[in-house]
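S.K.: Quick one: the structure is below, questions incoming.
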Amino acid sequence: MSATAQLFSVFFLLCAVGAVGALVISDRWNSLVLAAIGSLAALVIMAVGAFALVGDTSFQAELWPVLSLGTMRLSVDRLSALFLFVTGLVFLPVSIFSGGYLVKYRGHYSLQYFGVLYHALFASIVLVLIADDAISFLVSWELMSIVSYLLVNFESERQESSHAGYVMLAMSEAGTIAVAIAFLLIAGAAGTLEFAALRATATPASAEIGWTVFLLSFFGFAVKAGLVPVNSWLPLAHPVAPTNVSALLSAVIVNLGIYGIMRFNLDLHPVSGSGPGVIVLVIGSLSALIGILYATVQAEMKRLLAHSTIENMGIVAAGLGAAMIFIANGHAVVAGIALIAALYHLANHSVYKALLFLGTGAVEAGAGTRDLDRLGGIARRMPWTSALFLVGVLSISALPPLNGFVSEWLTLQTILRSAILSSTAIKVAFASCGALLALTAGLAVTCFAKVFAMGFLGMARSEGAARAVEAPLGTRAPLALLAAACIALGVLPTYTIPVIDRAVSPLAHQSATAALVPPFFSINLQRQEKLPEKFVAEFHGLGAQVGRDTLPGRGLVVLHRGGKQNPVVFAMSTSYMLVGLSVILSVVFIVFRLLSRRRLLARGPVWDGGLRQLWPGITYTATGFSNPVRVIFEAVLQPAAGEDNVEAVAQHFRTAIRRNHAEIHIVDRLMLDPSIASMRWLASIALRMHVGHVNAYAAYVLLALLLVLVIGAVIF
Amino acid sequence: MATLDQIAKPAAQSENFPELYRRVWNRPVSVANVGKAAVYRVDCEPQELTQLWQWLIQDFDFAFATLIVEEEPNGGRSLTYVLYRQPSQWVYVDLRLGPEATAVPSVVGLTHGPSADWHEREAEDLFGITFAGHPRLGEFVLHEDWPEGVNPMRGNLDARQPPVHRDPDAKWQPPMVVEALGAFAMPVGPVFSDFAESAHFLLETVGEDVIRTIPRLFYKYRGVEKIAEGEAVDCALLLAERFSGTAAFAHGLGFCQAVEAICGIEVPPRARALRTMFAELERLRHHAAAITGICNSTALAVAASQAALIEETLLRLTCEVARHRYLFGAIKPGGLACDLTEVARGRLAAAVESVAQKLYELHGMLRYSSSFLDRLEEVGIIKTDDARSYGLVGPIARAAGIDHDFRKQFPYAAYESIKFTVPVEQDGDGYARLRVFFREAEQSTSILRQILSALPEGSVCAADIVWRAGAALSAVEAPLGAAFHWLRILDDGTVARYRITPPSFTNWHGFHLAAENFAFQDFPIILSSFGLSNAECDR
Amino acid sequence: MANWVLKGLRTGIKTTSYPQQLETAQGTSPGRPCGMVLESTEKAEDLVARCPTQAIAGQDGGVAVDIRRCIHCSRCRSDSDEPAVPWDASYEWATYNSDAAAAVQALEKVFGRSLHIRFVDAGACSACVSEARQLNNPYYNMHRLGFFMTPTPRNADILLVSGPVSDAMRHPLGKAYDAMPEPKRVVAIGACAIFGGVFGSSFAAAGGASKIVPVDVVVPGCPPPPLAILHGLLLVVGRKPPSQPVSPVTEPIGEPA
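Chain order of the listed sequences is A, B and C. Following our numbering, the numbering of the first sequence begins with 45 at its first residue and continues without gaps. Following our numbering, the numbering of the second sequence begins with 68 at its first residue and continues without gaps. Following our numbering, the numbering of the third sequence begins with 1486 at its first residue and continues without gaps.
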């Protein structure tokens, strides 16, 4: 057995042990055991992913044959390896975090049940990623959906949990059905359900079937990815799930939707023509905008982060759409960059979203609430958590030199590359989507500035926040791990991108880094003793020679486009930026210290206009901070503006003025609620069938039998 | 007593009020004639107050002027509710509380109740009277570190000693009324802006609009009414002039007219004319300052400078003719302290023409500045019904459609013989208030022209004054609206009780009507479009 | 569309040339009473009694007038048949606070021509506030002298206080003073801020700003005209010398006013 196969066996064994162990171990040790085994399993998966991605190992396993539909297979290719690595990278800190977090459920809910589900989830996710034929894919996909539903619904005694879980399950099943039909449609031509065979017979029978397959598969997987217009379950499911499950939902499970889209529409059945790509691009950009809009006006942290997940998945989808369009128009290198951007953003998002969710869990445990309108001032009482949370906030706001910046920058740059396309309509689509993404980026900064400022700075707005307690080490360690990952992914993109490139080059049919990155910046480990003159001349303007001898050259250029007229297109350097920033800040600090040695510093209370004291009711709330956004985007958000309910005593003495914002999500308003209403209407018509007499039902059975016989006769 | 519904409503103006009152309430009315006005005094038991109030306000269209509380020698309190209506009728409703009684029914829930709201709260803080049914007593004039149970206006307080402050409750917060997700309050003041007078505002909001604002005043309370007690009339005149420097002459005039009414002093015609002239000069300067304030708040710099030039010109002019830029020391009981020379008269006439021309040009230019009007039109609206219910007075009320001016309806000094109109606007927004300021300034220049062209000869002060004990109410139209001065003096010429109801006190109560449901950025503009004076309100 | 630019240009320059030259326009100041020689002590006593704030003091040979206690009520010159004190047309009345604990130092040269003022209304009647507002009008324009208003005491160098410090403003005034960084100076404008004015020291007024914050410079007057306030500000920064607040017993120059 190859090393990869051994590692997989170890992994599945660990999951089994973990599940069984969860059942038998007592409550006192259960969460710690879960943490230990989960972390170990995650490390194993990370190793697998790393080996498969960087090395050249391949892995194939045959399971059981299924009738005449083919054999169930498992295999790991580089795309799967990347997703496996990211999955492991997220499961590791989440498992460690669970060790301390699950303690709060002791006595109320069953930790054994959680442990079993947790390991089952991990196993099913890995199975989805390594499935090599449609049946194993669909079986593990279903398993993953159901187990994640059960985990989301863990606090089943709460009413909103049941509702959220139900919506999640219903939409998930609808998506699965669509995907299954898509698989069946393409299997018709291949005759078997194995991926290898599907890949080989990739041309569709007709354009209509091609479109049908694309739409079914894309929207089916988009449900899991949380793209508009099938995202209604996401903002419902995240707040009600336990925090570690929310982190997994946002950082791992939505990735599977993207994996499905990529696997299906770029690998198994590549799309033809630009149409599908445009649809993906537009849907991605819209999701990004709508997601961040709703995130900006939320005051509850988990719901805010859920909407932000929709936004980030939208950005990934936009990158995918751009890639599809570039592939369809023959620009393989730019398509490669688009795919790199999309996958880099996916990885980044997993890391910082997990960090933010776990940070929210730490805040909730320490301060007792997740509501931004009731937090405040906890930065002084929870310094470590705040600092690590701040790293997450800066990353998600796409500020250099952290990881969010790199992937968003790359995404926007590829959208700008649309200038090389020929069709004007597509260029217009690109331009509009680029504008939407830029708006999204700006709103994201607002949103997360609000989260950090209202949640951590200022005055405490409730008792819990005033008495916040710093998180224990077991909670801070996973946060630190993720923060380190954010920084690493941000400062060392030149190491990461070639690795991702290895995953996407089979899909784009050309390696982007090979085509773009000049030799002495590429991952080629041989050192060039003396560089050819023309390289030095070409890069003179870049300042390349400045860094070449003193700093690692790879820090300078992320990607580069050759040519005399515009030698540099993609260049930027977060590692140099980090070094530069540190130097400048230190110099400024030293200069100020020297200059102000003579001055005295007086500290006093904040100037408040001469009031006797300040109280929390006069600090800006999160709702107030985001109110301008609510007002500007009223057309989209459409807050139900009712009359103020004024209670008055003795004419003009008002004792209470009540104002309610009831906001229904635009997608729910435009799509989900009308669909549900029409379903109900259809059901009410079908209700007439239920007359209540047994004789009628017997007649229905007879009719059905007749119908089947007739159809059978006709077909066979 | 006949039941109320047997009386036809509304009572006609020509009905004899004493007759009607006697029929309904079975009690006589004491009638006095003060000049052209008829003053009716009625006695009332506390439990009848609300009925009587409703009857007077609803059936007779009386308007509430002021509430005068005095302490009786035996320790009890007497409350006098003063109401008035056209033409020239005053009603004083007298209530007497014994030394042990402290409760009086509140009228705030009745028609026009809000106009008495702050009077009741002030009386509660200063005299310790409880108004049963008033939902918000306490923490009005006296702030949170004033000792409990000490009422300044009661006889047992030594006015010259500072109080023993108490430690305010560390958790004290003003009551917040808005219940909405994420509601909070923005505090403004008491020290804020560049030159704003001290006051505190708490703007309750959910982010963009101000949903509720109640100004907290009386940061400048100097206890003028208490300090005046026991002073000679001459010294009390200083207080009357200087508690509100920008309306010094108007308040001094109110005080002097009350003294003259008590002591039966006849003011010579030249003095009456000159008093009118100075009052209008002050009004002109005050309105120029209000216009400067409005232009400043909208940051229209050149317009603000132009208006400031007009204001400074008027200040210098006033100093030339009256020896003081704000007319301090110009008036005294019996007439004026200084005369107008012929040279000064000519100078004044010429300067007034020039000022009128400049104001006219400024108004013309402002009318076409659309960015300026955008900030004022439809902003800070007061509806006519609200203005009437709150009893608002002055240019603010006239901008909201209430046609009332004491110079016209209850003429004093020389106003009866002067032709002028009272500008009234219906919109009630900031621009309407600006237009009223301009048009009243125009009317003031017209009045000045009339007086300066026909100044009677004679002395400017009555002969020696003989003090008499008595009490009188004097109503003047100060630049900001109707001011009521109630004075009771003893026969040695010392003040026993001095009650001032300035127009800013009445109008600050109505400020929240204009400031609510507008954005934060409109707040300073609405504030300056009112042009109110905190010093005048707080006394 | 109103053309404000042209209007402003056509209006021209109205600014006074004070402090380079003394301002002589009429009406810029109510002037102040001056001391004078009197023949008899009865006349002197009469004058002393007529002043409601004891600004006039009888000294051998006549009366001396302390401008710091004057409230411009003009009672010392009203009656034509009684002795009256002459008034001049000056306005440079500012002087150092005599109760100041240590000698006041002018603000250091480092401030140059950029000083920020925080104005606190501690119960002033609106006349002092109005005169302070005139400082920004085109006639006086304190910006050309380097004085600017600031809405926060954190940026302020000078605290301008008016009013007798009403009871409710004690605490905000103290807080505003504490919030100012060093070096800072306090200028009390108006008779009320100096000794309480007509309100004096009572249950509702502290009787002067020096009861709450240490005052460096006082600007007498009721209200002090804008030129007097400018003189006070120039005094605080050392660009003008202090005045003599007490006008001694002197021969009258012309006819009494």
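Using N, Cα and C, we set each Cβ at its ideal position, and we do this for glycine too. Just so you know, these numbers come straight off a predicted model, no measurement behind them.
#1: In chain B, what lies closer than 8 Å to A/P672 by C-beta?
#2: On the premise that B/V101 lies in contact with A/R703, defined as a C-beta separation below 8 Å, what is that separation, rounded to the nearest angstrom?
#3: What did DSSP end up calling B/T365 once you bin it into helix, strand or coil?
#4: Just checking A/L84 against the ligand FAD - is the residue's beta carbon closer than 8 Å to any of the ligand's heavy atoms?
#5: Give the range of the beta strand (DSSP E) segment to which B/Q541 is assigned.
#6: What do you get for A/M723, buried or exposed, if any count of 16 or more other CB atoms within 10 angstroms of its CB means buried?
#7: Give a yes or no on whether 9 Å exceeds the smallest Cβ distance from B/P181 to chain C.
#8: Can a CB atom of chain A be found closer than 9 Å to the CB of B/P20?
#9: How about B/P282 and B/W575: are their beta carbons less than 9 Å apart?
#10: Any beta carbon of chain B sitting closer than 9 Å to that of A/L419?
#11: Determine the chain B residues that contact A/Y664 at a beta-carbon separation under 7 Å, and present them in chain order.
#12: Applying the criterion that 16 or more other CB atoms from any shown protein chain within 10 Å of the CB defines a buried residue, is B/D470 buried or exposed?
#13: Name the chain A residues that come within less than 7 Å of C/D1663, Cβ to Cβ?
#14: Rounding to the nearest angstrom, what Cα-Cα distance links C/A1534 and C/D1551 in this structure?
#15: Can you find a C-beta in chain B that's less than 9 Å from the C-beta of C/K1725?
#16: Could you name the residues of chain A that C/R1639 contacts, counting a contact when the two beta carbons are closer than 8 Å?
#17: Could you check whether C/L1720 and C/P1711 sit closer than 9 Å to each other, using their CB atoms as the reference points?
#18: Residues of the segment 212 to 228 of chain B with a CB closer than 8 Å to any CB of chain C: list them in chain order, please.
#19: With DSSP as the reference, label B/K293 as helix, strand or coil.
#20: Determine the closest residue to C/V1614 out of C/V1490, C/T1500, C/P1708, C/V1722, with distance taken between C-alpha atoms.
#21: Output yes if chain A places a C-beta closer than 9 Å to the C-beta of C/M1634; else output no.
#22: Cβ closer than 9 Å: which chain A residues qualify as neighbours of C/H1628?
#23: Can you list the residues of chain C that B/I294 reaches, using a CB-CB cut of under 7 Å?
#24: Does any residue of chain A bring its CB to less than 9 Å from the CB of B/S265?
#25: To the nearest angstrom, how far is the alpha carbon of B/V106 from that of B/L123?
#26: Alpha helix (DSSP H) containing C/A1661: first to last residue?
#27: For a test of the three-state rule: what should DSSP assign to C/H1716, helix, strand or coil?
#28: Take the Cβ of A/D177 as the centre, count every other Cβ of all protein chains shown within 10 Å, and call the residue buried at 16 or more, exposed below.
#29: Rank B/G256, B/Q118, B/A563, B/Q424 by C-alpha distance to the C-alpha of B/I377 and give the top, closest one.
#30: Do C/A1678 and C/V1700 have their C-beta atoms closer together than 9 Å?
#31: Cutting at 7 Å between CB atoms, please list the residues of its own chain near A/P273, excluding the five before and the five after it.
#32: Can you grab the Cα-Cα spacing for the pair B/R339 / B/T313, in whole Å?
#33: Buried or exposed: which applies to B/I294, given that a residue is buried once 16 or more other Cβ atoms fall within 10 Å of its Cβ?
#34: So is A/F166 buried or exposed if we call it buried at 16+ other beta carbons inside 10 Å?
#35: Compare the C-beta of A/G151 against all C-beta atoms of chain C and say whether one is closer than 9 Å.
#36: Can you say whether A/E238 is buried or exposed, counting buried as having 16 or more other CB atoms within 10 angstroms of its CB?
M.R.: Let me lay it out:
#1: G274, E275
#2: So it is not a contact: roughly 52 Å between Cβ atoms.
#3: coil
#4: With respect to small molecules bound, the structure shown includes none, and the ligand FAD cannot be examined in it.
#5: One point to set straight first is that residue 541 of chain B is Ser, not Gln, in the sequence displayed. Here the beta strand (DSSP E) through B/S541 covers 537 to 545.
#6: exposed
#7: no
#8: Only positions 68 to 606 of chain B appear in the structure, and residue 20 of chain B is not among them; the question remains open.
#9: yes
#10: no
#11: F251
#12: exposed
#13: G648
#14: 15 Å
#15: no
#16: W651
#17: no
#18: D212, W213, P219, L224, D225, A226, R227, Q228
#19: helix
#20: C/P1708
#21: no
#22: Per Cβ cutoff of 9 Å: no residues; C/H1628 is ~24 Å from chain A at best.
#23: F1684, S1687
#24: yes
#25: 14 Å
#26: 1655 to 1664
#27: helix
#28: buried
#29: B/Q424
#30: yes
#31: V711, M715
#32: 21 Å
#33: buried
#34: buried
#35: no
#36: buried
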